[in-house]
Amino acid sequence: MRLQNKVAVITGAGSGFGRSSAKLFAKEGAKVVLVGRTREKLELVEKEIKDLGGKALVIPADVTTYTNAEKTIEKTLEHFGKIDILFNNAGTFRAGTIETMSNEDWKDVISVNLTALFYMGKAAIPHLKKTRGNIINTASAGGLIGFPQAVSYAASKGGVISFTKAIAVDFAKDGVRCNAICPGTSETEMTEEIMHIDALRKSFLQPIPMQRFGKGTDVAYAALFLASDESSYLTGVILPVDGGWTMS
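Quick note on my numbering: the sequence shown kicks off at 344 and runs consecutively.
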């Protein structure tokens, strides 16, 4: 098993990429800490993992405050004794341009998509140094290229990309790696609404050379590779998982 006896903390674990990754990590031997705002969703994932014979811990938390991020890491250490992998995956989206977006929506997106990663990383890094562990951040193809009505999302995900590189440079000497995944348009709960509107669905599909949308498992397998020892010489990598969209 590729993550045997590793302890992995995954934010946004109740749905989408986080849910798919949590189940795959557990299947590969990891003890998984499921972090998110909605207990009911996390408990469903916990049940799926335990039904497969895996181990999981549910921590309902809003990690956009440092206190909650710190408590999340503390609870992980109390339960499992260490942390090997931090997968900062939670994210949100609000449509709008710089002209139309409200100040509150801007703050919310930056808080969830970027500030929470800083808080979780800050709380986890002393413990990751002990295990020579690694951090994986979910960025986005939208952080690499511009697309309409996504000013806060693009800014936050561009920030995640630079944040990832900064951590990689600062902590390589300690044996801590940090990499990011940039998903393209994928079929998850976040995109469920647009997937049901035929014109929007076609417009999002058109620029993807592989002519299909991503799935949760596409990101999960990329995250598994980055979490495992197979990628032990990779740090600061920004990995598009987008069917060729950003390449085109």
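C-beta atoms are modelled at their ideal positions from N, C-alpha and C, and glycine is treated no differently. Quick caveat, the model's predicted, so the values are computed rather than measured.
{"Item": "Classification of M463 by the beta-carbon crowding that lies within 10 angstroms, buried from 16 upward", "Value": "buried"}
{"Item": "For W588 and I540, believed in contact at Cβ under 8 angstroms, the rounded distance", "Value": "Actually they are not in contact, since the Cβ atoms of I540 and W588 sit about 19 angstroms apart, beyond 8 angstroms."}
{"Item": "Nonlocal neighbours in the same chain, by C-beta distance under 8 angstroms from G518, ignoring five residues either side", "Value": "K472 and R475"}
{"Item": "Backbone CA spacing between Q492 and F423 [nearest angstrom]", "Value": "42 angstroms"}
{"Item": "F360, enclosing alpha helix (DSSP H) - first and last residue", "Value": "G359 to K370"}
{"Item": "Bridge-paired residues (DSSP) for P403", "Value": "G379"}
{"Item": "C-beta atoms of P583 and D561 nearer than 9 angstroms", "Value": "no"}
{"Item": "Residues that P526 bridges to, as DSSP identifies them", "Value": "V584"}
{"Item": "Nearest candidate by alpha-carbon position, reference P403, set A433, I426 and Q554", "Value": "A433"}
{"Item": "Assumed close pair V452, Y496 - CB separation to whole angstroms, cut-off 8 angstroms", "Value": "6 angstroms"}
{"Item": "Between the CA atoms of L429 and A466 - distance to the nearest angstrom", "Value": "11 angstroms"}
{"Item": "F368 to L457 span [Cα, whole Å]", "Value": "24 angstroms"}
{"Item": "Close-in-space but distant-in-sequence residues of the same chain around T440 (CB under 7 angstroms, 5 per side omitted)", "Value": "Q492 and V494"}
{"Item": "Beta strand (DSSP E) segments (min. 3 residues) lying fully within the region 424–493", "Value": "428–431 and 477–481"}
{"Item": "Residue interval of the beta strand (DSSP E) (run including V350)", "Value": "V350 to T354"}
{"Item": "Helix, strand or coil at K558 [DSSP, three-state]", "Value": "coil"}
{"Item": "Exposed unless 16 or more other CB atoms sit within 10 angstroms - verdict on T531", "Value": "buried"}
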